[in-house]
Every structure is written in structure tokens, then in C-alpha cells.
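Just below is one structure, and these are the notes that go with it.
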Amino acid sequence: MSIRVHGLKLQPDMTVDADGAIWFAGAKLANLAAEFGTPLYVVNENTIRYNCRRYKQAVAGYPRNFTIAYASKAFLCQAMCRIIAAEGLRLDVVSLGELHTAITSNFPAERIIFHGVNRSCYELESALRQGVGRIVVDNFFELEKLAQLTSKLHLEANLLIRLASGVEADTHEYVQTSLLDSKFGFNLSDLPHVFALAATQPHLRIRGLHSHTGSQIQTLDPFAENLRILLRLFATWRERVPELKELNIGGGLGCYYTADDQPLSIEAYIAGIIATAEETCHELDV
13 MSIRVHGLKL QPDMTVDADG AIWFAGAKLA NLAAEFGTPL YVVNENTIRY
63 NCRRYKQAVA GYPRNFTIAY ASKAFLCQAM CRIIAAEGLR LDVVSLGELH
113 TAITSNFPAE RIIFHGVNRS CYELESALRQ GVGRIVVDNF FELEKLAQLT
163 SKLHLEANLL IRLASGVEAD THEYVQTSLL DSKFGFNLSD LPHVFALAAT
213 QPHLRIRGLH SHTGSQIQTL DPFAENLRIL LRLFATWRER VPELKELNIG
263 GGLGCYYTAD DQPLSIEAYI AGIIATAEET CHELDV
């Protein structure tokens, strides 16, 4: 059995032999399929660690604080949690199941960022009790739930406020997440009301702002515009909300699916983000 390659971009540990069969990290995929059956997902730890380190190296010389998070919706199991922990990254989770996987893998709770849509009180309470580092909130209903839960539990919630920035990315409509009519995020006009509500709650701490533009984005422009919007908001509110220290600019860097795809490299993406941040911070004097 051999696998013919059509438009496949090989990863560092992938080769194709003279018969057209793919070898991955020293293993012939046809043999793995014969042994384990199909469909079969094969994950190369070396490639995962290599990409984690490319991100870390790309930001290594940046003087401001900069952290990187792995989005567990891409793939998560306990082994993956241990790899991400060892590489020093944070971890995005979007469900109680993903949170449970992380916690039972001994992933540091303070490095977990808990996203999600319409989470139950049970899910939010579990996150609070586990001491997750950041809870991302994108609607008033959840903000009010957290106010009630933190008061009942006498626990602090460190929040990131997710915003629909209005940036339109050149990607499929189903994976655009920052449009003004998106279900993901407060409208920008809601922000004064968000801060006003949080100010009345002794256990809510708004640590930063967040906006995620979308997925499979292959140009820098949407990322840069999204960052500019967040920085302008930060400049507007930082003196009135002293705890506001962080911007989470999301992810969505495109990857290679077909021969027509030309995604940015990790290095080009990070360089563009840093250049945009420095230019905008200089303009805003922040």
C-alpha cells in the first residue's frame, strides 16, 4: 500500500519515498494504517515542540511582556497538555472537558485561559475553584453570573473582556469571529457598561481586553487592525481601570491546506505584530 501525495506540504519530519509512500518521524504511514486501522490521526511531538519554540524565539527579543497560548480546540489530550506545559506556554480551553483534561494532567491552573460561549454556572464555578488564570467573558449574562458566584465563593475572578472589534478578515464567513454582529464578544459601545458593572463587584478583576479576528487568516492586515483597536481602547481606559494591563489578540494564523494557500510564517506574523504594537504604542504614548 502506498499513499500518493498531491499538493502536500511536508513537515520537517516527513519524507516521501520513491514509491510515493509517506514516512512520518521515521514511521511509514501505510504501515501504521495497516496496524491501527483508519481513520488514524498521527501526531509528531517533535513538530509540536518545534513550532512552540519558533513562537518563543520570535518574541524572545521583544522588551515588553509577551506570552503565547496554545488553543486546545486544535487538539487536546493529557500528553498534549504535558508538552505545552513543558514548553512554557499558556493553554486556552473552551469547555469543562478541556479544563478537566488540563487539570488532571497537572497543567498549572494559573496558566489556563478559560473561553467559551453560554457557560453554565457549574462550569464557571469549576473554573473559579480550580484557580484558572483568566476567564474570558463576552456577554453581560455571564458577567452577572460571575459576580454572583465570586460573592458566594469569596473567590476572585481575573477576567479578560472579549470584544467584537468589527475587523473583517479575508477568510470563510463561518470562521470570522470579530464582526460587529458576531455572537462572540461585547460590542465596543458596551465597554463603559462592562467596566461600570465590574466596579461594583469586589471580586471581579478586569485584567485585560481580548478580540479574536477569525481562523485561517493568511495576511497580516486583519491582525494588525485588530491590535490597533485594542490598543486604542487600552489607551482610553488604562487610567480609569488601573488593573487593565493585558491585551489578548487571539490567534487564527492560517496554515497550509491546499497548494493555493500561502500563509504567513510564524516569524513574519510575530514580526508584524510587534511592529504594529510598537508603532501604535508610540502614537498613543502608552
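At position 68 of the sequence shown (counting the first as 1) the number is 80 in this note's numbering, and the numbers step up by one without a gap. We put the CB at the ideal spot given by N, CA and C, even for glycine.
Secondary structure of N199 (DSSP, three-state): strand.
In the structure shown, F36 adopts extended strand secondary structure according to DSSP, grouped into three states.
Taking the Cα positions, G262 is about 29 Å away from S163.
Here F152 is not near A139, since their CB atoms are 7 Å or more apart. Put simply, the backbone Cα of T212 is about 22 Å away from that of H222. Spanning the alpha carbons of L175 and R61 requires a straight line of approximately 31 Å. Residue pairing by DSSP places Y82 opposite L103 in a beta bridge. When rounded, the separation of the alpha-carbon atoms in L172 and D29 is 49 Å. Under the three-state reduction of DSSP output, E137 falls in the helix class. As DSSP reads the structure, E295 sits in no beta bridge. In this chain, E168 is not harboured by any alpha helix (DSSP H), its DSSP state being neither H nor E. L103 has its alpha-carbon roughly 29 Å from the corresponding atom of G38. The residue among E255, I285, T248, N260 with its C-alpha nearest the C-alpha of V298 is T248. In the three-state reduction of the DSSP assignment, T288 falls in the helix class. Within the model, the alpha-carbon separation for F36 versus S277 is close to 22 Å. Taking the C-beta atoms as reference points, Y281 is found nearer than 7 Å to L265. In this structure, DSSP gives N63 a helical state, which the three-state scheme calls helix. In the three-state scheme derived from DSSP, where H, G and I count as helix and E and B as strand, H215 is classed as coil.
Counting only residues of its own chain and dropping the five nearest sequence neighbours on each side, N58 has a CB closer than 7 Å to the CB of D25, A37. Taking a contact as a CB-CB distance under 8 Å, the pair E255 and R217 counts as one, their CB atoms being some 5 Å apart. A Cβ-Cβ distance of about 6 Å is found for the pair G145 and R123, placing them in contact under the 8 Å criterion.
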